[in-house]
Amino acid sequence: AQSVTQLGSHVSVSEGALVLLRCNYSSSVPPYLFWYVQYPNQGLQLLLKYTTGATLVKGINGFEAEFKKSETSFHLTKPSAHMSDAAEYFCAVSYGGGSNYKLTFGKGTLLTVNP
Amino acid sequence: DGGITQSPKYLFRKEGQNVTLSCEQNLNHDAMYWYRQDPGQGLRLIYYSQIVNDFQKGDIAEGYSVSREKKESFPLTVTSAQKNPTAFYLCASSRGQGKNEQFFGPGTRLTVL
């Protein structure tokens, strides 16, 4: 079965520091890749996605992610953390073909930003 | 504004009772989904529907039922057969599958008393 692994269920950074959230997937074919953010007691909001083309993808709120096929990774980064970035982040991967795809989520990484 | 609405935001239920969670979208999306979220477990797919009057079981469909009579609406019923129904439930929709992202509603937190 296909899977998504987010390394680190909890990441803590200082305000202004680099944010790095890791995501690895298992797939025999190139998938479509997504990062979502969730604030407490709210739904998920799309940060960015990779479908085809440029492997470095820029999203909202200063986040970006790079698709590395050789490493089966799609890590999320932000150069400088802000207090408002504190939230839970989910990596998701869409596998399949034709009209039959499945979106699989990682278990999430809770980001804490310290002043 | 286009989006997905879920109601109610909080729901309390006694054991043995069925309860229905509402999900409505005005994005004109064909596909709709229901997920269950538990702490530390990510999102797990309950049911999904790619078109009106058709739906498929996800990974954890036991104890749940759905209907899709209208494109805009995809209600979820949590039945008394669901052994551990306390969770956060999220509804989503998408234009299609594959590379199309899913848009999420604000969620319903169900607590069984």
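Protein chains in written order, with this note's numbering: chain A, -8 to 106; chain B, 4 to 116.
The beta carbon of each residue, even a glycine, is placed where N, CA and C say it ideally should be.
Cβ distance (whole Å) where residue i is taken to contact residue j below 8 Å
| i | j | result |
| --- | --- | --- |
| Gln33 (chain A) | Gly110 (chain B) | 7 Å |
| Tyr92 (chain A) | Val28 (chain A) | At roughly 22 Å, the Cβ-Cβ gap does not stay under 8 Å, so Tyr92 (chain A) and Val28 (chain A) are not in contact. |
| Ala34 (chain B) | Gln100 (chain B) | 6 Å |
| Ala90 (chain B) | Leu113 (chain B) | 6 Å |
| Val81 (chain B) | Val22 (chain B) | 5 Å |
| Glu6 (chain A) | Ala72 (chain A) | 6 Å |
Contact list for residue i against chain B, beta-carbon separation under 8 Å
| i | result |
| --- | --- |
| Lys40 (chain A) | Lys102 and Glu104 |
| Tyr23 (chain A) | Gly101 and Lys102 |
Rounded straight-line distance, which links the Cα of residue j to that of residue i
| i | j | result |
| --- | --- | --- |
| Tyr30 (chain A) | Lys69 (chain A) | 17 Å |
| Trp37 (chain B) | Lys59 (chain A) | 30 Å |
| Cys14 (chain A) | Ser(-6) (chain A) | 11 Å |
| Asp57 (chain B) | Gly66 (chain B) | 19 Å |
| Leu38 (chain A) | Ser83 (chain B) | 37 Å |
| Phe106 (chain B) | Thr63 (chain A) | 25 Å |
| Leu46 (chain B) | Val84 (chain A) | 12 Å |
| Trp26 (chain A) | Ser75 (chain A) | 17 Å |
| Gly50 (chain A) | Ala8 (chain A) | 18 Å |
| Ile54 (chain B) | Cys94 (chain B) | 15 Å |
| Ile49 (chain B) | Asn103 (chain B) | 19 Å |
| Ser10 (chain B) | Ser61 (chain A) | 44 Å |
| Pro78 (chain B) | Tyr23 (chain A) | 28 Å |
| Val104 (chain A) | Lys73 (chain B) | 43 Å |
Residue i - partner residues in DSSP beta bridges
| i | result |
| --- | --- |
| Glu79 (chain A) | A:Gln29 and A:Leu101 |
| Ile7 (chain B) | B:Gln28 |
| Ala34 (chain B) | B:Ser97 |
| Glu109 (chain A) | Nothing about residue 109 (chain A) can be read from this structure; chain A reaches only from -8 to 106. |
| Val22 (chain B) | B:Val81 |
| Lys74 (chain B) | Per DSSP, none; premise fails for Lys74 (chain B). |
| Asn15 (chain A) | A:Thr(-4) and A:Ser64 |
| Gln40 (chain B) | B:Leu46 and B:Phe91 |
Neighbouring residues, chain B, relative to residue i (Cβ below 7 Å)
| i | result |
| --- | --- |
| Leu94 (chain A) | Gln105 |
| Leu37 (chain A) | Glu104 |
| Gly99 (chain A) | Gly45 |
| Ser0 (chain A) | Gly43 |
Chain-ordered neighbours of residue i on chain B, where CB pairs are closer than 9 Å
| i | result |
| --- | --- |
| Phe81 (chain A) | Gly45 and Leu46 |
| Lys44 (chain A) | Residue 44 (chain A) is actually Gly in this sequence, not Lys. The contacting residues do not exist; Gly44 (chain A) stays about 11 Å from chain B at best. |
Coarse secondary structure for residue i, derived from DSSP in three states
| i | result |
| --- | --- |
| Gly87 (chain A) | strand |
| Ile54 (chain B) | strand |
| Asn87 (chain B) | coil |
| Asn103 (chain B) | coil |
Interface residues of chain A facing residue i [CB-CB closer than 8 Å]
| i | result |
| --- | --- |
| Leu93 (chain B) | Gly34 and Leu35 |
Within chain A, partners of residue i - CB distance below 9 Å
| i | result |
| --- | --- |
| Pro109 (chain B) | Asn32, Gln33 and Gly34 |
8 Å Cβ cut-off: residues of chain E touching residue i
| i | result |
| --- | --- |
| Ser85 (chain A) | The displayed structure is made up of protein chains A and B, and chain E is not among them. |
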